[in-house]
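Quick note, the sequences are listed as chains A and B, same order.
The first sequence maps to residues 1 to 113 in our numbering.
The second sequence maps to residues 114 to 229 in our numbering.
Structure first, then comments.
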Amino acid sequence: EAQVTQNPRYLITVTGKKLTVTCSQNMNHEYMSWYRQDPGLGLRQIYYSMNVEVTDKGDVPEGYKVSRKEKRNFPLILESPSPNQTSLYFCASSVSGRANEQFFGPGTRLTVL
Amino acid sequence: AQKITQTQPGMFVQEKEAVTLDCTYDTSDQSYGLFWYKQPSSGEMIFLIYQGSYDEQNATEGRYSLNFQKARKSANLVISASQLGDSAMYFCASWGSAGGYNKLIFGAGTRLAVHP
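So, in structure tokens, the structure goes:
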């Protein structure tokens, strides 16, 4: 089954404790992206990747890191999480660099205390 | 910068009736794409329908249709014969060169409640 998977689905952590949210797709997509969703703001892009070893900032990259060492994986790293990073996070992938036909993962709900 | 506006924070509709969810976009691009996604209470993002700026016909997918009015820069979602399972958050989104071809720009969303 073609899908984008994220882990963990739910995470409660404390300020400053490094964490990684994994994202993996099995569709051989070149393009992957991370979004965060906050009430009243819709989804906003954090980082995206056009291919292996190619990443770039989105609209809200502060406090986040990403890497793309393999085509299928695009982890999101929070080196020192803060409460304002409490949010619902989505990973997405698509065939090409265009944003059309993005497939979304199930989401990761993160709470930073 | 590209911007999506959804002016209806919440909508109510009776089961089996049609409902229109509004979306306006702000772009100077000639080439762009418009999407609608559904987000049920379980949280996942479900793709509903897509309209390209050069598509002359309004997009349709089953009970969903997109009322695309290019001159007015509107891309309203029409759900015909509403069902209880349509109760969800609905997001309008777009891509284009001003906002970046590599990301979707989302509106704030409209919460739809379908009553029996």
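Glycine included, each C-beta is placed from N, C-alpha and C at the ideal position.
Quick caveat, the model's predicted, so the values are computed rather than measured.
| task | Give a yes or no on contact between the region 151-160 of chain B and the region 129-142 of chain B, applying the rule of three or more CB pairs nearer than 8 Å. | result | no
| Can you tell me where the beta strand (DSSP E) with A:GLY42 in it begins and where it stops? | It spans 42-51 - the beta strand (DSSP E) in which A:GLY42 sits, taken as one unbroken run.
| Residues of chain B with a CB under 9 Å from the CB of A:PHE104: which are they? | The answer, in chain order, is TYR150, GLU157, MET158, ILE159, PHE160.
| Name the chain A residues whose beta carbon is nearer than 7 Å to that of B:GLY220? | Those are GLY42, listed as they occur along chain A.
| By the criterion of Cβ-Cβ separation under 8 Å, what are the contact partners of A:PHE74 in chain B? | By Cβ distance, chain B contributes nothing, its closest Cβ being about 13 Å from A:PHE74, past 8 Å.
| query | Would you report the Cα separation of A:ALA2 and B:VAL191, rounded to the nearest angstrom? | reply | 28 Å
| message | I'd like to know if B:PHE204 contacts chain A, where contact means its C-beta is closer than 7 Å to some C-beta of that chain. | response | So yes, B:PHE204 belongs to the interface.
| query | So, helix, strand or coil for B:GLN121, using DSSP? | reply | B:GLN121 sits in coil when the DSSP states are folded into three classes, being neither helix nor strand.
| Quick one: does A:GLY63 have its CB under 7 Å from some CB of chain B? | Answer no: the Cβ-Cβ gap between A:GLY63 and chain B never drops below 7 Å.
| query | Looking at B:MET202 and A:PHE104, is the spacing between their C-beta atoms short of 7 Å? | reply | no
| task | Answer yes or no: do A:THR111 and A:VAL21 have a C-beta to C-beta separation smaller than 7 Å? | result | Not closer than 7 Å, so no.
| Nearest residue (CA-CA) to A:ASN28, options A:LEU113, A:ALA92, A:PRO106 | A:ALA92
| said: Please state the DSSP three-state secondary structure of A:ASN7. | reply: strand
| query | Is there contact here, the region 66-80 of chain A with the region 34-47 of chain A, by at least three beta-carbon pairs under 8 Å? | reply | These segments touch.
| task | Measure the Cβ-Cβ separation of B:GLN115 and B:GLY209 and say whether it is below 7 Å. | result | The beta carbons of B:GLN115 and B:GLY209 sit closer together than 7 Å.
| Anyone know if the C-beta pair for B:SER207 and B:TYR167 falls short of 7 Å? | no
| task | For the beta strand (DSSP E) holding A:ARG72, just list the boundary residues, first then last. | result | Element bounds for A:ARG72: n/a, residue is neither H nor E.
| query | So what's B:GLN170 in DSSP terms, helix, strand or just coil? | reply | The answer is coil: DSSP assigns B:GLN170 none of H, G, I, E or B.
| message | Give me, in chain order, the residues of the same chain whose beta-carbon lies closer than 7 Å to that of B:GLN196; leave out the 5 immediate sequence neighbours on both sides. | response | GLU128, VAL227
| field | Contact list for A:GLY58 against chain B, beta-carbon separation under 7 Å | value | LYS216
| query | If you draw a straight line from the C-alpha of A:LYS57 to the C-alpha of B:TYR177, how long is it? | reply | 34 Å
| query | DSSP puts A:THR22 in a beta bridge; with which residues? | reply | A:ASN7
| task | Identify every run of the beta strand (DSSP E) within the region 194-229 of chain B, keeping only runs that are complete inside it and at least 3 residues long; order them along the chain. | result | Segments of the beta strand (DSSP E) lying fully in the region 194-229 of chain B: 201-209, 213-219, 223-228.
| field | Bridge partner(s) assigned by DSSP for B:GLY165 | value | Paired residue(s): B:GLY146.
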